[in-house]
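Line by line, the protein sequences are chains P and L.
Mapping to my numbering: the first sequence position 28 is 680, numbers consecutive.
Mapping to my numbering: the second sequence position 161 is 334, numbers consecutive.
First the structure, in the form of structure tokens, and then the observations on it.
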Amino acid sequence: MIHKQPFEAVVARHAATVLRVCRAVLGPTDADDAWSETFLSAMQAFPDLPADANVEAWLVTIAHRKAIDVTRATSRRATPTAELRETTTEPGADRRDLDLTAALAQLPAKQKQAVVYHYLGGLPYRDVAAILGGSPDSARRAAADGIATLRLTYPGVKPGTENFDEHER
Amino acid sequence: MNTSDDLARDLAQAYASTPEHLRQLRDRLAGTARAHGILDVAYRTIDSPVGPLLLAATDLGLVRVAYATEDHDAVLQGLSDQISPRLLNAPARLDAITHELAEYFEGRRHRFDVALDWRLSAGFRSTVLHRLPDIGYGQTASYAAVALLAGNPKAVRAVGSACASNPLPLVVPCHRVVRSDGAIGGYIGGTDAKRTLLALEATP
Numbered sequence: 653m654i655h656k657q658p659f660e661a662v663v664a665r666h667a668a669t670v671l672r673v674c675r676a677v678l679g680p681t682d683a684d685d686a687w688s689e690t691f692l693s694a695m696q697a698f699p700d701l702p703a704d705a706n707v708e709a710w711l712v713t714i715a716h717r718k719a720i721d722v723t724r725a726t727s728r729r730a731t732p733t734a735e736l737r738e739t740t741t742e743p744g745a746d747r748r749d750l751d752l753t754a755a756l757a758q759l760p761a762k763q764k765q766a767v768v769y770h771y772l773g774g775l776p777y778r779d780v781a782a783i784l785g786g787s788p789d790s791a792r793r794a795a796a797d798g799i800a801t802l803r804l805t806y807p808g809v810k811p812g813t814e815n816f817d818e819h820e821r
Numbered sequence: 174m175n176t177s178d179d180l181a182r183d184l185a186q187a188y189a190s191t192p193e194h195l196r197q198l199r200d201r202l203a204g205t206a207r208a209h210g211i212l213d214v215a216y217r218t219i220d221s222p223v224g225p226l227l228l229a230a231t232d233l234g235l236v237r238v239a240y241a242t243e244d245h246d247a248v249l250q251g252l253s254d255q256i257s258p259r260l261l262n263a264p265a266r267l268d269a270i271t272h273e274l275a276e277y278f279e280g281r282r283h284r285f286d287v288a289l290d291w292r293l294s295a296g297f298r299s300t301v302l303h304r305l306p307d308i309g310y311g312q313t314a315s316y317a318a319v320a321l322l323a324g325n326p327k328a329v330r331a332v333g334s335a336c337a338s339n340p341l342p343l344v345v346p347c348h349r350v351v352r353s354d355g356a357i358g359g360y361i362g363g364t365d366a367k368r369t370l371l372a373l374e375a376t377p
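Have a look at this one:
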């Protein structure tokens, strides 16, 4: 019998990853709300989650839905002149990080989400496809297109040496 | 070399946050989970003269006190399995017992007033444990005397196993149960801890 871990262990293990995903999709301010909503909702449903479920994929899926909720709430509140897109303001953020977050923020939504859920959330393309709709192949293509654009616009990355199979293990 | 791994690492770094920030979010989660009534088990650990103690409470009251000898990770897994996996390190619910234990270890408190959740003990063991608070601070009683108190004078060994599986040691004072021949007897927190507690309680 597989023992379901206590929720504290789930938070300890996945808190940082889920916050990165929320930050990449929403920016640092709204990310905190999305993180909080994600873990509250996950804790509520946790007793019904099968003990052998992929907890990280489950959390990232919830975070995806919460990010949509937060985006809708933000755009309802926003005035026409409000600056919606935020970049990271962490004290440790250097120029390269800012370039990368700016480049990611400008990707089309599906490419951005495919990159974030696969590369930051650690989800296989099968699970990314379950979140975004479409086939695993189309999720893989969206991520590849997004990565290609990032390589062109993010100075720290040189094109031409990617190895996507690395992440399918 | 720039593989997708490098880009994944750069992304992870670009969106990283500080440990303090994560701590704040986790504290906030504990508060909102409690407010939503889904914090089924709250726990914290404290340092004490008898080593680190794990304290856990449901909304009914204190449900578990555990010495390090019991392995706190194993105790948390047990609480998750037996009560609910909706369990968080959330010290607020343990404020009262933390305060009372501090007073106890300073010799200023002789009995505990926090509500207890007895769900982790059942049957005759539960009957035995419910009688233990009758043994006052600074007193001891033999296993045989407790068997008598619990209404079954022959169940001396069962009293021993009730004490050995006490989910609420210290607060439910199984450390005050000793052997009839004057030996200190076993203790869930180890005999050194038992000796420390009895010496503390013997100090005027």
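Beta carbons: idealized from backbone N, C-alpha and C, even for Gly.
All figures in this text were calculated on a predicted structure; none of them were measured in a lab.
Within the region 244 to 265 of chain L, Leu249, Gln250, Leu252, Ser253, Asp254, Ser257, Pro258, Arg259, Leu260, Leu261, Asn262 place their CB atoms closer than 8 angstroms to a CB of chain P, listed in sequence order. Taking 4 residues as the shortest admissible run, the region 178 to 257 of chain L contains the following complete alpha helix (DSSP H) segments, listed from N- to C-terminal end: 192 to 208, 245 to 255. Residue-level contact by beta carbon fails for alanine 318 of chain L and chain P, as no gap is shorter than 8 angstroms.
Taking CB atoms only, threonine 713 of chain P has no neighbour in chain L less than 8 angstroms away. For the C-beta of valine 663 of chain P, the chain L residues within less than 8 angstroms are, from N- to C-terminus, Arg199, Leu202, Leu261. Our two residues, aspartate 246 of chain L and serine 257 of chain L, have alpha carbons roughly 15 angstroms apart in a direct line. Beta-bridge partners assigned by DSSP to alanine 314 of chain L: L/Val350. When rounded, the separation of the alpha-carbon atoms in alanine 661 of chain P and lysine 327 of chain L is 44 angstroms. Bridge pairing for asparagine 262 of chain L: L/Tyr216 [DSSP]. With the criterion set as a beta carbon lying under 8 angstroms from some beta carbon of chain P, the region 334 to 363 of chain L has no members that meet it. The shortest CA-to-CA distance from glutamine 765 of chain P to any of P/Asp685, P/Ala725, P/Ala719, P/Ile654 is the one to P/Ala719.
From the listed residues L/Arg292, L/Thr218, L/Val287, L/Ala187, the smallest Cα separation to proline 340 of chain L is found for L/Arg292. For alanine 791 of chain P and leucine 784 of chain P, the gap between their C-alpha atoms comes out near 8 angstroms. Fewer than three Cβ pairs drawn from the region 673 to 683 of chain P and the region 270 to 282 of chain L lie within less than 8 angstroms of each other, which leaves the two stretches out of contact.
Legend: CB atoms of the region 657 to 682 of chain P lying less than 9 angstroms from CB atoms of chain L belong to residues Gln657, Pro658, Phe659, Glu660, Ala661, Val662, Val663, Ala664, Ala667, Ala668, Thr669, Leu671, Arg672, Val673, Cys674, Arg675, Ala676, Pro680. Contact annotation: leucine 235 of chain L and isoleucine 270 of chain L have beta-carbon atoms nearer than 8 angstroms. Leaving aside the five residues that flank asparagine 325 of chain L on each side, none in its chain has a CB nearer than 6 angstroms to its CB. Ranked by Cα distance from tryptophan 710 of chain P, the first of P/Gln763, P/Val663, P/Leu802 is P/Val663. Nearest CB-CB separation between histidine 655 of chain P and chain L: below the 8 angstroms threshold.
Inclusion of valine 350 of chain L and valine 319 of chain L in the CB contact set at 8 angstroms is warranted, their separation being smaller than that value. Under the 10 Å beta carbon count, proline 658 of chain P is surrounded by 16 or more other beta carbons and is classified as buried. Of the other Cβ atoms in all chains shown, fewer than 16 fall within 10 Å of the Cβ of serine 353 of chain L; this residue is therefore exposed. Collapsing the DSSP output to three states places leucine 752 of chain P in a helix. Tryptophan 710 of chain P is outside the set of residues whose beta carbon lies under 8 angstroms from a beta carbon in chain L. The Cβ neighbour count for threonine 364 of chain L, taken over all protein chains shown within 10 Å, is under 16; the residue is labelled exposed.
Note that the C-beta distance between threonine 231 of chain L and valine 214 of chain L is below 8 angstroms. A check of alpha carbon separations from leucine 212 of chain L across L/Tyr316, L/Arg259, L/Ser334 identifies L/Arg259 as the nearest. With a cutoff of 8 angstroms on beta-carbon distance, leucine 202 of chain L and alanine 668 of chain P are scored as not near each other.
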